[in-house]
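Contents: one structure, followed by commentary.
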Amino acid sequence: MKKKNKLNRPNIRKLITKEQPKSPISEQYRTIRTNIAFSMVDQELQTLICTSSNPSEGKSTTIANLAITFAQQGKKVLFIDADLRKPTVHYHFQIDNRNGLTSVLTKHISLEEAIILTEIENLWILPSGIIPPNPAELLGSKAMKDVIDKATNLFDMIIFDAPPVLAVADAQILGNICDGALLVVRSNNTEKEELQKAKGLLDKANVNIIGTVLNGVEQKDTSYYYYYGK
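Right under this line is the structure:
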């Protein structure tokens, strides 16, 4: 396991649960975390993916902050960037993306060599690695299942940032082999028909949708309000 190697990047994205853990928005993330736990009382939730209908709905920021809250709770968390087409996790955490999930899936390096320990206690990152020509095939491969099996023996939770549902089939493929999925919806942006179509595609792939996050609702007291519901 490597330690985080900071890089100077112009596209740095702030993580409020790290920078302002006592803020109202951070509290909303903790509420989502609690509701996720209650939604799976009869089943262990160890592998979770986060997706959205379309790009630019806030899924990557949402799941990055949620990964932090689970780590802050004391769980040993591995956060994997499974968006092998437009990865962003390395921007959020300012880490090197030259090696990552694709490197592990193609057996260039081991999982233990690829994961990066962050400054946040209990949180490790597996960035996407180099963008491959065949993302869906890699995510649906036996190698991907082997990575998940190995990770579940090393970590309490494995959290995936997955591509949007309506853009590609990747989220359906990955969601089918995970315990649950979280669907992010942006207020005044996501069309009802698109959301219904995304849910239908996930349902057809037997993905267990445990809830949705309504993102980008402006409030008087906070910039955004995140809501979780089954």
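Using this note's numbering, you'd call the opening residue of the sequence shown number 1 and step up by one each time. For glycine and all other residues, C-beta sits at the position ideal for the given N, C-alpha and C. Model, not experiment: these values are computed from the prediction.
Just reading off the beta strand (DSSP E) that residue i is part of, what are its end residues?
{"i": "PHE160", "result": "157-161"}
{"i": "GLY216", "result": "209-217"}
{"i": "THR47", "result": "47-52"}
{"i": "ILE130", "result": "It is not in any beta strand (DSSP E) - ILE130 carries neither H nor E in the DSSP assignment."}
{"i": "ILE80", "result": "77-81"}
Residue range of the alpha helix (DSSP H) that residue i falls in?
{"i": "LEU183", "result": "Careful: LEU183 lies outside any alpha helix (DSSP H), inside the beta strand (DSSP E) at 180-186."}
{"i": "LEU66", "result": "59-72"}
{"i": "THR190", "result": "Element bounds for THR190: n/a, residue is neither H nor E."}
{"i": "ASN153", "result": "142-154"}
{"i": "ILE32", "result": "24-39"}
Given this structure, state the Cα-to-Cα distance separating residue i from residue j, to the nearest angstrom.
{"i": "THR34", "j": "ALA169", "result": "29 Å"}
{"i": "ASP83", "j": "PRO132", "result": "11 Å"}
{"i": "ASN189", "j": "THR212", "result": "15 Å"}
{"i": "ARG9", "j": "GLN94", "result": "The pLDDT assigned to ARG9 is 44, lower than 50, so where the model puts this residue is not dependable; a value taken from the coordinates is nonetheless given after this. Looking at the two C-alpha atoms, the distance is approximately 7 Å."}
{"i": "ALA205", "j": "PRO24", "result": "36 Å"}
{"i": "ASN176", "j": "SER103", "result": "22 Å"}
{"i": "GLY180", "j": "GLN172", "result": "11 Å"}
{"i": "VAL207", "j": "ASN153", "result": "22 Å"}
{"i": "ILE36", "j": "GLY129", "result": "29 Å"}
{"i": "LEU182", "j": "PRO164", "result": "12 Å"}
{"i": "ASP244", "j": "PHE79", "result": "For the chain, the structure presents residues 1 to 230; residue 244 sits outside this window and is missing."}
For residue i, does the count of other Cβ atoms within 10 angstroms reach 16, so buried, or fall short, so exposed?
{"i": "LYS107", "result": "exposed"}
{"i": "ARG186", "result": "buried"}
{"i": "GLU112", "result": "exposed"}
{"i": "GLN72", "result": "buried"}
{"i": "SER26", "result": "buried"}
{"i": "GLY200", "result": "exposed"}
{"i": "ASN97", "result": "buried"}
{"i": "GLN28", "result": "buried"}
Check each candidate in the options and name the one with the smallest Cα separation from residue i.
{"i": "GLU191", "options": "ASP179, ASN54, ARG30", "result": "ASN54"}
{"i": "ASP160", "options": "TYR29, SER52, ASN215", "result": "Reading off the sequence, residue 160 comes out as Phe, not Asp. Answer by Cα proximity: SER52."}
{"i": "ASP146", "options": "PHE38, LEU101, GLU121, VAL217", "result": "LEU101"}
{"i": "LEU126", "options": "ASN134, PRO135, ILE116", "result": "ILE116"}
Among residues of its own chain, excluding the 5 on either side of residue i, which ones have a beta-carbon nearer than 6 Å to its beta-carbon?
{"i": "CYS178", "result": "THR47, ILE49"}
{"i": "ASP156", "result": "LYS75, LYS76"}
{"i": "VAL184", "result": "SER52, GLU57, GLY58, LYS59, THR62, VAL213, ASN215"}
{"i": "ILE210", "result": "SER39, GLY180"}
{"i": "LEU123", "result": "ALA71, VAL77"}
{"i": "LEU45", "result": "ASP179, GLY180"}
{"i": "ARG30", "result": "THR69"}
If I measure Cβ to Cβ from residue i and keep anything under 7 Å in the same chain, skipping five residues before and after, which residues do I get?
{"i": "LEU15", "result": "ALA64, ASN65, ILE68, HIS92"}
{"i": "MET144", "result": "LEU105, LEU138"}
{"i": "LYS18", "result": "ILE68, ILE120"}
{"i": "ILE148", "result": "THR47, ILE158, ILE177"}
{"i": "ASN99", "result": "ILE109, ALA114, GLY129"}
Please go through the same chain and pick out, in chain order, the residues whose beta-carbon is closer than 8 Å to the beta-carbon of residue i, but skip the five residues on each side of it.
{"i": "LEU166", "result": "SER53, ASN54, GLU194, LYS197, ALA198, LEU201"}
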